[in-house]
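Student: Residue numbering for the sequence shown follows UniProt numbering, starting at 1 and increasing by one per position. C-beta: ideal position from N, C-alpha, C; glycine also. Fair warning: this is a prediction, and the values are worked out from it, not measured in the lab.
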Amino acid sequence: MSSNIHIKDNTIDNIKCWTNEVPATVVDGVVQNDARGAILQLIKSTSNDNLLAINNDGTYKRNPVADMQIMTASAIQQGLLDDNPVLQTVVNTISPSIVEWASSSNDVLTPQYRCNGDSMHHTVKGMNVIRVEDCEGFTISGNTMNNIENLSDTAFENCSSYHLGASIEDTTTQVGSVRGISVAAVTGYGTEFQSKSHIVSNVLSNVTGRIIIGVDVQGKSESCYIDHNNFDDSFLPRDDVEECYALRLRQFVDSSVDGLQSIDIGPNNGIDESQIEMLNISTDFERMRKLDELHKKMNIGSEWKLGGCPFGRR
Numbered sequence: 001m002s003s004n005i006h007i008k009d010n011t012i013d014n015i016k017c018w019t020n021e022v023p024a025t026v027v028d029g030v031v032q033n034d035a036r037g038a039i040l041q042l043i044k045s046t047s048n049d050n051l052l053a054i055n056n057d058g059t060y061k062r063n064p065v066a067d068m069q070i071m072t073a074s075a076i077q078q079g080l081l082d083d084n085p086v087l088q089t090v091v092n093t094i095s096p097s098i099v100e101w102a103s104s105s106n107d108v109l110t111p112q113y114r115c116n117g118d119s120m121h122h123t124v125k126g127m128n129v130i131r132v133e134d135c136e137g138f139t140i141s142g143n144t145m146n147n148i149e150n151l152s153d154t155a156f157e158n159c160s161s162y163h164l165g166a167s168i169e170d171t172t173t174q175v176g177s178v179r180g181i182s183v184a185a186v187t188g189y190g191t192e193f194q195s196k197s198h199i200v201s202n203v204l205s206n207v208t209g210r211i212i213i214g215v216d217v218q219g220k221s222e223s224c225y226i227d228h229n230n231f232d233d234s235f236l237p238r239d240d241v242e243e244c245y246a247l248r249l250r251q252f253v254d255s256s257v258d259g260l261q262s263i264d265i266g267p268n269n270g271i272d273e274s275q276i277e278m279l280n281i282s283t284d285f286e287r288m289r290k291l292d293e294l295h296k297k298m299n300i301g302s303e304w305k306l307g308g309c310p311f312g313r314r
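(1) What would DSSP say about E100, mapped onto helix, strand or coil?
(2) In or out: S160 buried (at least 16 other Cβ within 10 Å) or exposed?
(3) For E136, count neighbouring Cβ atoms within 10 angstroms of its own Cβ and tell me buried if that reaches 16, exposed if not.
(4) Measure from the alpha carbon of Y245 to the alpha carbon of each residue in H121, M145, V178, then state which is nearest.
(5) How is E136 classed by DSSP in three states: helix, strand or coil?
(6) When the distance is taken between beta carbons, is D232 closer than 8 Å to N269?
(7) Mapping the DSSP letters down to three states, classify D227 as helix, strand or coil.
(8) Can L247 and I276 be called in contact, C-beta distance under 8 Å?
(9) At the level of alpha carbons, what is the spacing between G307 and E273?
(10) To the nearest whole angstrom, what separates the beta carbons of K34 and N84, a pair I think is in contact under 8 Å?
(11) What number of angstroms, rounded off, separates the C-alpha of K220 from the C-alpha of D264?
(12) On the DSSP letters alone, give me the boundaries of the alpha helix (DSSP H) that M68 sits inside.
(13) Going by CA-CA distance only, name the one from Y60, K8, G180 that's closest to R131.
(14) Could you pull the start and end residues of the beta strand (DSSP E) that C17 belongs to?
(15) Give the DSSP-derived three-state secondary structure of D233 in the structure shown.
(16) In this structure, what does DSSP give as the bridge partners for Q112?
(17) Mind checking who H198 pairs with in its DSSP beta bridge?
(18) Could you give the distance in angstroms between the alpha-carbon of E243 and the alpha-carbon of L204?
(19) Could you spell out where the beta strand (DSSP E) holding L8 opens and where it closes?
(20) Is the region 46-57 close to the region 3-16, with three or more CB pairs under 8 Å?
(21) So, is K16 buried or exposed, given that buried needs 16 or more other C-beta atoms within 10 angstroms?
(22) In whole angstroms, what is the alpha-carbon distance linking D67 and W101?
(23) Determine whether the beta carbon atoms of V99 and I70 lie at a separation below 8 Å.
(24) Go through its chain and collect everything with a Cβ distance to L151's Cβ below 8 Å, but skip five positions before and after it.
(25) Under 7 Å Cβ to Cβ from E303, same chain only, skipping five residues before and after it: list those, please.
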């Protein structure tokens, strides 16, 4: 957990970027990861010429990266590479059936793809200009963010399933989303909430994306004060944006309790109720979506002490 974070008086102008979805190959319900955790990528999500390691007829299409991934998987399966702390081969999930398919000149694979992930099958997160997570005591103030644009292509469509680490409010894709300020699993200063964390006096303007959120409070967050932030007309609903909110909270954020533990929204943000979204999400974390049991953990326990990364194991 981090603490006493101060992000103040920065000017962030003219940021344009994009995220490419990487469709993850799925065999028997399992994403095919190589021995270093990268997915076995058969196709690209962009461009018309998108076949990387599979031909139109479903046969294997050789390329150096896929060849190396599959050769390594074969060596693991034959016991030529064992599992030890140095090699860390435990993350390999490439199936023997994939090795057999790639070893044949005429075997046909009908693949399924799991979407909303990157090349390591982390959840696609879109753009986050300022992001603070798992923090005890922070101040985000006096920052100006202007001309922020997400240039990502539309989401990949040939999907059989989606990464379950996705933000619950957007379960299929975040490739085109923009968050100006994103905080998650945060709290105030000190274990006894001596004072609240602050998101104050920030300016966000000229933001473009498929989904636009000015300030997004995620995870099991508490003891935070949000006021005197300025949002321009790009945070008003319009036809070319699927969702647009100046401020978004969740029901399990402690916005209804009194005192230092609460999330307080000040009156001077210059927004009306239509620009605030309170998501109806259960406070029962056991009922939240979980990653498949076959998704292997890389660490023991959880490093997220205040409710977890919003893009993580839900």
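Tutor: According to the data block:
(1) E100 falls in the helix class under three-state DSSP.
(2) With fewer than 16 other Cβ atoms from the protein chains shown falling within 10 Å of its own Cβ, S160 counts as exposed.
(3) With 16 or more Cβ atoms within 10 Å of its Cβ, E136 is classed as buried.
(4) Restricting attention to H121, M145, V178, the CA atom closest to the CA of Y245 is found in V178.
(5) If DSSP states are grouped into helix, strand and coil, E136 belongs with the strands.
(6) No, the pair does not count as a contact, with Cβ atoms beyond the cut-off.
(7) Three-state result, D227: strand.
(8) With respect to I276, L247 sits close: the two C-beta atoms are nearer than 8 Å.
(9) In this prediction, G307 has a pLDDT of 41, which is less than 50 and means its spatial position is unreliable; what the coordinates show is noted afterwards. Taking the straight line from one Cα to the other gives about 27 Å.
(10) Just to set this straight, residue 34 is Asp in the shown sequence, not Lys. Not a contact, Cβ separation roughly 17 Å.
(11) K220 and D264 have their C-alpha atoms roughly 15 Å apart.
(12) Unbroken alpha helix (DSSP H) run through M68: 64-77.
(13) With distances taken between Cα atoms, R131 lies closest to G180.
(14) Where C17 is concerned, the enclosing beta strand (DSSP E) stretches over 11-17.
(15) Three-state result, D233: helix.
(16) For Q112, which the question treats as bridged, DSSP gives the partners V26.
(17) Its beta-bridge partners are T139, Y225.
(18) Approximately 16 Å, taken between the alpha carbons.
(19) The sequence shown places Lys at residue 8, rather than the Leu named in the question. From DSSP, the beta strand (DSSP E) with K8 extends over 2-8.
(20) At 8 Å Cβ cutoff, the stretches do not touch.
(21) Using a 10 angstroms sphere on the CB of K16, the tally of other CB atoms stays under 16, which defines it as exposed.
(22) The straight-line gap from Cα to Cα measures roughly 12 Å.
(23) Yes, these two residues count as a Cβ contact at 8 Å.
(24) Within its own chain, the residues whose Cβ lies closer than 8 Å to the Cβ of L151, once the five positions on either side in sequence are excluded, are K16, C17, W18, listed in chain order.
(25) Low confidence applies to E303: its pLDDT is 40, below 50, so where it sits in the model is not reliable enough to give any reading.
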